[in-house]
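Protein chains in written order, with this note's numbering: chain X, 8 to 495; chain D, 74 to 557.
The beta-carbon is built from N, C-alpha and C at its ideal position, and this holds for glycine as well.
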Amino acid sequence: MTGKKFDYFIKGEKGNWEVIIGLEVHAQVLSKSKLFSSSPTKFGAEPNSQVSLVDCAFPGMLPVINQFCIEQSVKTGLGLKAKINLDSVFDRKNYFYADLPQGYQISQYKNPIVGEGEVILDMSYGTRKIGIERLHLEQDAGKSIHDMDPDNTFVDLNRSGVALMEIVSKPDLRSPDEVNAYIRKLRSIMRYLETCDGNMQEGSLRADVNVSVRKVGEKKFGTRCEIKNVNSIKFMQMAIEYEARRQVELLEDNKQIDQETRLYDTKKNTTRSMRSKEDAHDYRYFPDPDLLPLNLKQSLIDKLKKKLPELPDEKKERFIKEHNLSYYEANILVSEKEISNYYEEVIKGCDKKLASNWITGELFAVLNKKNLSISQSPVSAKNLSTLIKMIISGKISGKIAKDVFEKMQDNDKDPQQIVDKEGLTQESNPKEIEKIISQALSKNKDKVTQYKSGKEKLFGYFVGEVMKISKGKANPQLVNEILKVKLK
Amino acid sequence: MSNISDFTLTKLVAGIKKKDFTSQEVTESFISSSEKSKKLNTYITQCFDKAINTAKNFDKKKDYKGLLAGVPIAVKDLFCTKNVKTTAGSKILHNFVPTYESTVTNNLWSEGSFLLGKLNCDEFAMGSSNETSFFGNVTNPFGDKLVPGGSSGGSASAVAANLTPATIGTDTGGSIRQPASFTGTVGLKPTYGRCSRWGIVAFASSLDQAGPMTKNVEDCALLLQAMSGYDSKDSTSVDRKVDNYSSKLTEKVKGLKIGIPKEYRVENMPNEIDKLWKRGIDYLKDAGAVIKNISLPHTKYALPTYYIVAPAEASSNLARYDGVKYGHRSKGNNLFEMYENTRSEGFGDEVKRRILIGTYVLSSGYYDAYYLKAQKVRQLIKNDFDKAFNDIDAILTPSTPSAAFKMGDKKDDPVSMYLNDIFTVPINLAGLPAISVPAGYDKNDLPLGLQLIGKAFDEQTILNLSLAIEKRANFKIKLKAWWS
Chain X
8 MTGKKFDYFI KGEKGNWEVI IGLEVHAQVL SKSKLFSSSP TKFGAEPNSQ VSLVDCAFPG
68 MLPVINQFCI EQSVKTGLGL KAKINLDSVF DRKNYFYADL PQGYQISQYK NPIVGEGEVI
128 LDMSYGTRKI GIERLHLEQD AGKSIHDMDP DNTFVDLNRS GVALMEIVSK PDLRSPDEVN
188 AYIRKLRSIM RYLETCDGNM QEGSLRADVN VSVRKVGEKK FGTRCEIKNV NSIKFMQMAI
248 EYEARRQVEL LEDNKQIDQE TRLYDTKKNT TRSMRSKEDA HDYRYFPDPD LLPLNLKQSL
308 IDKLKKKLPE LPDEKKERFI KEHNLSYYEA NILVSEKEIS NYYEEVIKGC DKKLASNWIT
368 GELFAVLNKK NLSISQSPVS AKNLSTLIKM IISGKISGKI AKDVFEKMQD NDKDPQQIVD
428 KEGLTQESNP KEIEKIISQA LSKNKDKVTQ YKSGKEKLFG YFVGEVMKIS KGKANPQLVN
488 EILKVKLK
Chain D
74 MSNISDFTLT KLVAGIKKKD FTSQEVTESF ISSSEKSKKL NTYITQCFDK AINTAKNFDK
134 KKDYKGLLAG VPIAVKDLFC TKNVKTTAGS KILHNFVPTY ESTVTNNLWS EGSFLLGKLN
194 CDEFAMGSSN ETSFFGNVTN PFGDKLVPGG SSGGSASAVA ANLTPATIGT DTGGSIRQPA
254 SFTGTVGLKP TYGRCSRWGI VAFASSLDQA GPMTKNVEDC ALLLQAMSGY DSKDSTSVDR
314 KVDNYSSKLT EKVKGLKIGI PKEYRVENMP NEIDKLWKRG IDYLKDAGAV IKNISLPHTK
374 YALPTYYIVA PAEASSNLAR YDGVKYGHRS KGNNLFEMYE NTRSEGFGDE VKRRILIGTY
434 VLSSGYYDAY YLKAQKVRQL IKNDFDKAFN DIDAILTPST PSAAFKMGDK KDDPVSMYLN
494 DIFTVPINLA GLPAISVPAG YDKNDLPLGL QLIGKAFDEQ TILNLSLAIE KRANFKIKLK
554 AWWS
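Have a look at this one:
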C-alpha cells in the first residue's frame, strides 16, 4: 500500500461534493440454451435463427426453467459471498414493445434467488468492501433494429429469452475508479466461476448506473438519477463524471434534482432525460402463474459450494502466504483467471518468485507493447516455464535468458531448442573459464597493474571483458570466484 | 341398427374393434349429422375431408390399438392443432394456423382418435353463454334462441346433438361443467395439473384445465384417461400416474361420505334446483353413501376473488396478441397506434372488459388491495375444502343456479352473467376435480346437472358417484334434430 488517500470529490463553488454510485449490472448467464426454452444462445447468429415457439410467445406456449441457469446464478451468488434464497419466485414484468413477444418479461421481483453479498476492491488507498443488494434471474428481450429500412422496424429475437443475472450493488461506490474496479472484479469473479463471459462488446455485460451527490460530511443520500445501459467501462466513468457535475451545478444553484432515468450520449458526453418518475412504467409485477415458485435444496447449494473453483481473493491470499509473493504481484496475477492460470502453469516445478517476476515483468511488457491479452501471449506458459528452469539449473544465465525470450516470441519457439541450436549453454567448467580469464587478463596487462596497485573498481571491467569473450555464456558466479583468485 | 351417431364413445370404440362398423362409417355418420347442424353454429372449422381419409387409412390397419381407436373427435377451438386454424373464438386469431399440436389433443391422437373439427367457444374462453365468440352464438339443441352455456358451448351442443362422439373443453371457472349442465351432458374438470396446458390458448394460467365432455359417465372416464398425463413442457403439470378410470369405474359407492355445503343454498335459487339437489342426495343415499352437512365458510368470496385473479392473469396472458408476430394486425402510423388499433379491432367487448379489470387490479397502488388480497382469500377457500375433506370423500352441489337461459338475457349484464358460475368457480380456485352429471329436467324440459367435487387427484370417486346418480336419474336426452 502506498498510503494514498481517497480524493475523488466534485469541487463545487461551495465546497466538495461526494459522489454516490450504485450499479445494476446485467450479466448474461453462460449457458448453451435460454432461461425458459431450449433455443441456443450463440452470439452473432443469423437474425431470428435461434428462436423457439416459446421465445416468440406463440399461443399456448409455456416456459420451463433451465436448471443449468439456476445453478449458474447460485454459483455466482456463492462467488459474491451472498445469501442463497432457497425459495424464490419468478414474476411477470408487463410492458408492450415489439421486441418483447410475450408482452411481459419473466423476472424476479420481490423474492430473488440471491440476497446480500459483497465484492472486495483493492484500491491504491486501501481495500473497499462493496455491498451486493441482490442478484436475480430474468429473460433478455429481443432487439429492435430501426436503421435497416426507412419505414419499418425489424426485430431480431435471438436474444429473446436469454438468461440474465441482474446484480444490484448497494450505493457503496464513490468514484469512477471504484466503478471501474468493481466491474472488473465482478467480471473476474464470474469468469473464474465460468458463469458469464463478461464480454461487454457482445453485450454479455451491461449496466445501469445510479448516481447522486451529497456535500462531504452529509449523511443523507441525495436524489438519484439512473443512467441506462452504458455499454463500456470508459463510457460509464465519463457518464458518472458528467452526471455528478450536472447535479452539483443544479444543487449549488439551489435547484432540485428530479428522480429520473437518463440516457448517456457518447458523442456529446452528456446525459439527457429519458423519462421522469411520473412517466415511469407501471410494470404490474405479479408471480408468473406458468411457473411454480423455485425451491432449491440445501444439498444442491452444498454440492455447488464444494465444486466452486478458487476465487481471486482466496488465490491472492495463497500466493502471498505460500509463494512469498508481494501483495502487488499477487493482485496482478489473480486479476484475471487467464493470468492466474498462466502463472500456475509456469510455476510447475519452477521457482515461484522468479516466475512472477518474469510474468509481471518481461511477459507483460511484451503483451502491453503488442496490445495482446494473456490468452494471446506469443510465449506459452509451458515454454516460459522451461526457460525459467534453465536459468535455475544454471544452464543459461539470466542475461542470455532475456535474449532467448526475445527469440521465443517468434511462434512460441521452444527455449531448449534455441539454446541448443545457438550454443548458448552457460560455460560452467572452471578450467574453461580460467582459460577465458587468462585471455582477458593478458589483453589488459596495464589495467591488471592498476588494479593490483589499488584501483579495485576495475574488477567489474574484467568481468565484462570475460563475458564479452565468452559471448555472455560464462557462468557469472564462477567468473567472479576465479577472477578474484587470479587477481590476488 | 339405430343411427351410429347416437352411440356413446365407449360403444363406438367397442363396435369398431369388433368390426360391427368401420371407422369410415362412424366418421361419415358424424360428418353427416354435423353438416346438417348449421343452425347450431357449433363448428368454427371442419376437417371432414381429412377425417374421412384418416378413417379410411385406419380401417386398413390389421389391429386397432388405443383407447379411442378409430373414433373421430371435434375439439374446442382453444386447443392448438397442427396445420389446422386455431382461433380461440377471436378475431385476433381468426387466421392463426399453429405449427404444433397441443399435448392433450396429441394424447387423444396417440390413442387412435383423429380430428373432426374445431368447435365454437366464447372468445378466449371468457363467457358463460357462448355469446362472446367472434364466430357467432352457439345454439343449445334444447331450444332455438337458448344459450348452450360457456365457454365450451360449441363443445356441449355438439355432444348433445350427436355431432361428435365426445369432445374436450377447457374449464377456468366452470366452462366445462356449466355448459354440460345446460345441455344434458357430462363434463369433468380434472385436478389442476392432471392435464397438460401446453398448446392450449391460455386464459388464466393458474385456473385453466382441460377436461372431457361426453354423453355419459362411462365415456367421461374413458376420455379422461386418454387425455391425462404428466407433461414436462408444462411446469404446473403434476408427475403422477394416471388411474385406469374406466376399469375402476363402479357405481358401488356404499359407505362413501358426501358433504352437502350449506353455503351453496343461495338466495333466489329456483325451487327446482333445490329439488334437484335433494333428489341427488336421495340417489346417493339409495346407493349407500352417507350424507353429511358441511360448511365452506368462504364460498361467498369465491366469485369476487375469481373475477380478480382470472382477469389479472388474462390481462398479461393476452398481451402477446399485439399484431406483431401472428394473427390479426391493423394499420397504424407507429408501433403504439398499431397496437391500439389491432387490439381494439381484434378483441371483443368481454375480453376488453376483463383485460381492463385485470390491468387495474395489478396496477401499482391497487395490487395489494385487489390482487394480493384475492390471493389470500383464494388460500382461505382452498383451506375450507382441505378441512372439509378430512371428514368426507366428495361434495355434492347443483352445477348451476339455473337451467339454460335465452340468448341476450344476460348479455348486457355482466354481473348476472358472472353469477351463473357461482357453484363452479370455487373449485377452480381450489384446483380440485369436479364433474357435472345430468340428473333431471326443469318444468320447461331443460336439463339440469349436479356437481360432484372430489379430493385432489381423486377423479375416480366423483366418476363413481356420478355413475350412481346417472343410473338412478335414468336421464335420457330426447331430442328431435329440429335444427337439421
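In angstroms with no decimal places, state the Cα-to-Cα distance between Val593 of chain D and Leu85 of chain D.
-> Lying outside 74 to 557, the shown extent of chain D, residue 593 of chain D is not represented and no answer is given.
Which partner residues of Cys232 of chain X appear in the DSSP bridge assignment?
-> X:Val218 and X:Glu267
Cβ-Cβ distance between Leu192 of chain D and Val148 of chain D below 8 Å = yes
Take the Cβ of Trp556 of chain D as the centre, count every other Cβ of all protein chains shown within 10 Å, and call the residue buried at 16 or more, exposed below.
-> buried
In chain order, each alpha helix (DSSP H) run of at least 4 residues that lies wholly inside the segment 359 to 421 of chain D | As far as the segment 359 to 421 of chain D is concerned, its whole alpha helix (DSSP H) runs of at least 4 residues are 375 to 390 and 408 to 419.
Minimum C-alpha distance to Lys158 of chain D - residue among D:Pro343, D:Ile165, D:Asn366 and D:Pro171 = The option with the nearest alpha carbon to Lys158 of chain D is D:Pro171.
Cα separation between Lys348 of chain D and Ser472 of chain D?
-> 13 Å
Under a three-way DSSP split, which group does Ser306 of chain X fall into?
-> helix
May I ask you to list, following chain order, the residues of the segment 79 to 106 of chain X that have a beta carbon less than 7 Å from some beta carbon of chain D?
-> Arg99, Asn101, Phe103 and Ala105
Given a threshold of 16 other Cβ atoms within 10 Å of its Cβ, counted over all protein chains shown, does Gly356 of chain X qualify as buried or as exposed?
-> exposed
Just mark Gly481 of chain D as buried or exposed, buried being the case when its beta carbon has 16 or more other beta carbons within 10 Å.
-> exposed
Collapsed DSSP secondary structure at Ser230 of chain D in the structure displayed | helix
Does the beta carbon of Ala442 of chain D sit closer than 8 Å to a beta carbon anywhere in chain X?
-> no
With 8 Å as the threshold, decide whether the Cβ of Ala392 of chain D is near any Cβ in chain X.
-> yes
Where does Ser151 of chain X fall in DSSP's three states?
-> strand
Decide yes or no for the touch test of the segment 38 to 47 of chain X against the segment 265 to 273 of chain X: beta carbon pairs closer than 8 Å, at least 3 of them.
-> no
Can you tell me where the beta strand (DSSP E) with Gly260 of chain D in it begins and where it stops?
-> It spans Val259 to Lys262 - the beta strand (DSSP E) in which Gly260 of chain D sits, taken as one unbroken run.
Does any C-beta atom of chain D lie closer than 8 Å to the C-beta of Gln112 of chain X?
-> no
Is the beta carbon of Phe103 of chain X sitting closer than 8 Å to the one on Tyr412 of chain D?
-> yes
Less than 8 Å between the CB atoms is what I'm expecting for Asp106 of chain X and Lys150 of chain X, so what's the real figure, rounded?
-> 6 Å
Same chain, Cβ closer than 8 Å to Leu332 of chain X, five either side skipped, listed in chain order | Phe326, Leu340, Lys359, Lys360 and Ser363
Does Tyr318 of chain D have its Cβ less than 8 Å from a Cβ in chain X?
-> no
Give, in chain order, every residue of the segment 107 to 136 of chain X whose Cβ lies closer than 8 Å to some Cβ of chain D.
-> Pro108, Gln109, Gly110 and Tyr111
Who are Ala170 of chain X's beta bridge partners in DSSP?
-> As a beta-bridge residue in DSSP terms, Ala170 of chain X pairs with X:Gln146.
CA nearest to the CA of Phe420 of chain D, picked from D:Tyr443, D:Arg393 and D:Tyr433 | The candidate whose alpha carbon is nearest that of Phe420 of chain D is D:Arg393.
For Arg324 of chain X, the three-state DSSP class (helix, strand or coil) | The sequence shown places Glu at residue 324 of chain X, rather than the Arg named in the question. Three-state DSSP puts Glu324 of chain X in a helix.
What's the gap between the Cα of Ser539 of chain D and the Cα of Lys373 of chain D?
-> 26 Å
Inter-stretch contact (C-beta, 8 Å, three-pair minimum) for the segment 227 to 238 of chain X and the segment 55 to 71 of chain X | no
Cβ contact (3+ pairs, closer than 8 Å) linking the segment 362 to 377 of chain D and the segment 446 to 455 of chain D | yes
Interface flag, Gly284 of chain D vs chain X, CB-CB below 8 Å = no
Helix, strand or coil at Leu23 of chain X according to DSSP, with G and I counted as helix | As written in the sequence, residue 23 of chain X is Asn, which differs from the Leu given in the question. The three-state secondary structure of Asn23 of chain X, taken from DSSP, is strand.
Chain X contact residues for Leu166 of chain D, given Cβ-Cβ distances below 9 Å = Pro66
Distance, Gly29 of chain X Cα to Asp179 of chain X Cα | 6 Å
Could you work out which residues of chain X lie near Cys153 of chain D, taking near to mean beta carbons separated by less than 7 Å?
-> Pro66 and Gly67
What's the call for Phe187 of chain D, buried or exposed, on a 16-neighbour Cβ count within 10 Å?
-> buried
Which residues, in chain order, does the segment 285 to 302 of chain X contribute to contact with chain D at a C-beta distance below 9 Å?
-> Asp289, Tyr290, Arg291, Tyr292, Phe293, Pro294, Asp295, Pro296, Asp297, Leu298 and Leu299
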